[in-house]
Amino acid sequence: MTSEILTPEELGERWRVSPETLRFWRYNGKTPPYVKLNGSVLYRIEDIRQFEKEHLRRHTADNVLVNGVEGKMEV
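Residue numbers (the working numbering): 9 to 83.
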């Protein structure tokens with residue numbers, strides 16, 4: 009049975025980033041929602057999948073951040 013929760017180490021493996029990078033992103037509000045229990049950070053797999061789905065891109069110019077506002081890049 010697959011766990012429905014991932015630790016920062018497991019999510020880091022999935023995304024190929026270090027737990028330290030995830031901590032930095034969490035601090036800046038750039039990760040999926042997480043639960044903190046007894047000092048441990050845990051991510052629900054359903055939140056991770058939704059976050060990944062929302063961040064899919066077909067083109068590098070799609071939905072870029074310009075001055076903190078998300079939108080299409082105009083050429």
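Each residue gets a CB set at the ideal place from its N, CA and C atoms; glycine is no exception.
Residue(s) in a DSSP beta bridge with residue i
i	result
Val49	Lys44
Leu14	Tyr51
Beta-carbon proximity list for residue i, same chain, < 6 Å, skipping 5 on both sides
i	result
Tyr42	Val49 and Tyr51
Thr15	none
Glu12	Ile53
Reduced DSSP category for residue i - H, G, I as helix; E, B as strand; rest coil
i	result
Gly37	coil
Distance between residue j and residue i (C-alpha atoms, nearest Å)
i	j	result
Glu21	Phe32	16 Å
Pro40	His67	22 Å
Asn36	Leu30	10 Å
Arg34	Lys44	12 Å
Own chain, CB closer than 7 Å to residue i, minus 5 neighbours either side, in chain order
i	result
Pro27	Pro16, Glu17 and Gly20
Ile56	Leu14, Leu19 and Pro40
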